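Novice: FYI, the numbering for the sequence shown is 236 to 484, going by this note's numbering.
All C-beta atoms, glycine included, are put in the ideal place defined by N, C-alpha and C.
All of these numbers come straight from a predicted model, not from anything done at the bench.
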Amino acid sequence: MMISAVFCTSVFACDKTLKVSVSSDWPPYSSKHGNNYLGLEVQLIELVLKDAGFCWQYVVLPSSSRTFKQLQEGKVDIIPAASFTQQRRKYAEFSLPYRQKVMLLFTQTKITLPFLDNPQLRGSLLYANLRSNIVAVSRGSVYGQYFANYRKNCPDCVIETNLARERFNLVKRGRVEYAVEDNLTGAYLIQHENFAQHIKPTSVSVYENPVQYMVRPGSLTEKQLQKFNLAIIKNSDAIKQIIADYHLK
């Protein structure tokens with residue numbers, strides 16, 4: 236775990252400082268450049284926190300599972316891009332949703348199975364087509380009940396890694412048949428790194444859902460949480476524009 240410097244809206248306009256989890260290698264959502272963090276999620280959380288009157292301190296963590304543990308231990312206050320589950324609700328509060336997450340199935344460019352071109356394929360039919368092939372996923376992330384059932388029925392079919400680049404390398408080398416990845420992250424890696432000739436997105440969406448900020452209970456008062464949610468509402472147009480800009484990159 237690494238903690239960065241404190242960032243404030245101004246010297247005197249800060250209600251409190253919140254510890255925000257961040258990844259140093261999650262393009263295009265967050266990455267470290269020198270002493271600064273850049274990316275879509277960085278822009279969004281800074282926009283919301285500035286409007287709500289909070290300072291922030293980034294806490295760099297290697298995986299989702301580690302991040303959730305740090306929140307439960309009181310070492311992290313805010314986790315961006317979180318999917319709501321009843322299990323997580325036991326130890327965290329959730330903000331209003333602020334963007335939609337789309338998790339696609341990626342595979343080798345040479346694989347041309349018909350079901351991979353069907354954007355309507357969902358649920359149990361999708362996982363019947365996956366059969367007992369191996370799928371690489373993000374450690375600690377959730378992909379809905381159908382995927383949970385698939386994993387329960389075939390635990391050896393799922394491999395967890397910390398980074399998207401690791402998952403794509405597994406696909407590239409033929410160690411796994413598929414990777415489940417965020418649509419923007421997958422597009423970024425294919426466009427900017429050495430994956431274009433080896434990996435392609437399929438038309439299959441494994442999981443789509445709105446994401447929220449997870450908030451450590453006690454880190455914000457009820458009034459402060461209301462200010463945080465109001466900042467999301469007030470900046471909804473700006474949030475949509477930032478997201479749209481990244482889709483064009």
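Using the C-alpha atoms, what's the distance from F341 back to V246?
Specialist: As a working note, residue 246 is residue 11 in the sequence shown. As a working note, residue 341 is residue 106 in the sequence shown. Low per-residue confidence applies at V246: pLDDT is 49, beneath 50, and the placement is therefore not dependable, though the value from the model is reported in the following sentence. C-alpha separation (whole angstroms): 46 angstroms.
Novice: Is T320 close to the ligand SAM? I mean its beta-carbon at under 7 angstroms from any heavy atom of the ligand.
Specialist: This structure lacks the ligand SAM, and indeed carries no ligand of any kind.
Novice: DSSP has I394 in a bridge; who is on the other side?
Specialist: Walking along the sequence shown from the start, residue 394 turns up at place 159. Partner(s): A371.
Novice: Go to T342, then tell me how far its beta strand (DSSP E) extends in each direction, as first and last residue.
Specialist: Along the sequence shown, one-based indexing puts residue 342 at 107. Where T342 is concerned, the enclosing beta strand (DSSP E) stretches over 334 to 343.
Novice: Please state if the CB of L282 and the CB of N470 are separated by a distance shorter than 8 angstroms.
Specialist: For this step, residue 470 is matched to residue 235 along the sequence shown. For this step, residue 282 is matched to residue 47 along the sequence shown. Yes, the pair counts as a contact, with Cβ atoms nearer than the cut-off.
Novice: Residue ranges of each alpha helix (DSSP H) run of no fewer than 4 residues wholly in the stretch 388 to 473, ordered along the chain?
Specialist: For the stretch 388 to 473, whole alpha helix (DSSP H) runs of length 4 or above, ordered along the chain, are 399 to 407, 418 to 427, 457 to 469.
Novice: If contacts are defined as beta-carbon pairs under 8 angstroms, then S266 and L275 qualify, I think. What distance do you get, rounded to the angstrom?
Specialist: Within the sequence shown, residue 266 is the residue found at index 31, counting from 1. Within the sequence shown, residue 275 is the residue found at index 40, counting from 1. 10 angstroms between Cβ atoms; not a contact.
Novice: With distance defined between alpha-carbon atoms, name the residue in N464, I434, Q335, R374 nearest to P445.
Specialist: On the sequence shown, position 210 is the one that residue 445 refers to. Nearest C-alpha to P445: Q335.
Novice: Hey, could you find the ends of the alpha helix (DSSP H) V283 is sitting in?
Specialist: If you number the sequence shown from 1, residue 283 lands on position 48. First-last of the alpha helix (DSSP H) with V283: 275 to 287.
Novice: Check the C-beta distance from V393 over to R386 and give it rounded, since I have them as a contact under 8 angstroms.
Specialist: As a working mapping, residue 393 is identified with position 158 in the sequence shown. As a working mapping, residue 386 is identified with position 151 in the sequence shown. Contact flag correct, Cβ pair sits at about 5 angstroms.
Novice: Pick out whichever of A371, R451, S299, R374 has its Cα sitting closest to the Cα of G309.
Specialist: Taking the first residue of the sequence shown as 1, we reach residue 309 at position 74. It is R451 whose Cα lies nearest to the Cα of G309.
Novice: Measure the C-alpha to C-alpha separation of L465 and L279 and round it to an integer number of angstroms.
Specialist: Sequence index remark: in the sequence shown, residue 465 carries index 230 (1-based). Sequence index remark: in the sequence shown, residue 279 carries index 44 (1-based). Near 14 angstroms, if we compare the C-alpha coordinates of L279 and L465.
Novice: What would DSSP say about N271, mapped onto helix, strand or coil?
Specialist: Within the sequence shown, residue 271 is the residue found at index 36, counting from 1. Residue state, collapsed to three classes: strand.
Novice: Please look up how many angstroms separate the CB atoms of E412 and N368, rounded, as I've assumed it's under 8 angstroms.
Specialist: Here residue 412 is taken as the residue at index 177 of the sequence shown, counted from 1. Here residue 368 is taken as the residue at index 133 of the sequence shown, counted from 1. Going by Cβ atoms, the distance from E412 to N368 rounds to 4 angstroms, so yes, they are a contact pair.
Novice: Let's see if you can read the secondary structure: which residues bound the alpha helix (DSSP H) around A363?
Specialist: Here residue 363 refers to the residue found at position 128 when the sequence shown is read from its first residue. Unbroken alpha helix (DSSP H) run through A363: 358 to 365.
Novice: For S318, tell me which candidate among D480, L306, Y448, Y264 has the shortest Cα-Cα distance.
Specialist: Working through the sequence shown from its first residue, we reach residue 318 at position 83. The option with the nearest alpha carbon to S318 is Y448.
Novice: Under the DSSP definition of a beta bridge, which residues are partnered with A327?
Specialist: Stepping through the sequence shown from its first residue, residue 327 is reached at position 92. Looking at the DSSP assignment, A327 forms no beta bridge with any residue, so it has no partner.
Novice: What is the residue span of the beta strand (DSSP E) that K254 lies within?
Specialist: To locate residue 254, count along the sequence shown from 1; it is residue 19. 252 to 257 is the extent of the beta strand (DSSP E) around K254.
Novice: For S376, list the residues DSSP reports as bridge partners.
Specialist: Along the sequence shown, one-based indexing puts residue 376 at 141. Bridge partners of S376: none, in fact.
Novice: Look at the Cβ atom of S359, then the Cβ atom of Y381, and state whether they are nearer than 8 angstroms.
Specialist: Translated into the one-based positions of the sequence shown, residue 359 becomes position 124. Translated into the one-based positions of the sequence shown, residue 381 becomes position 146. Yes.
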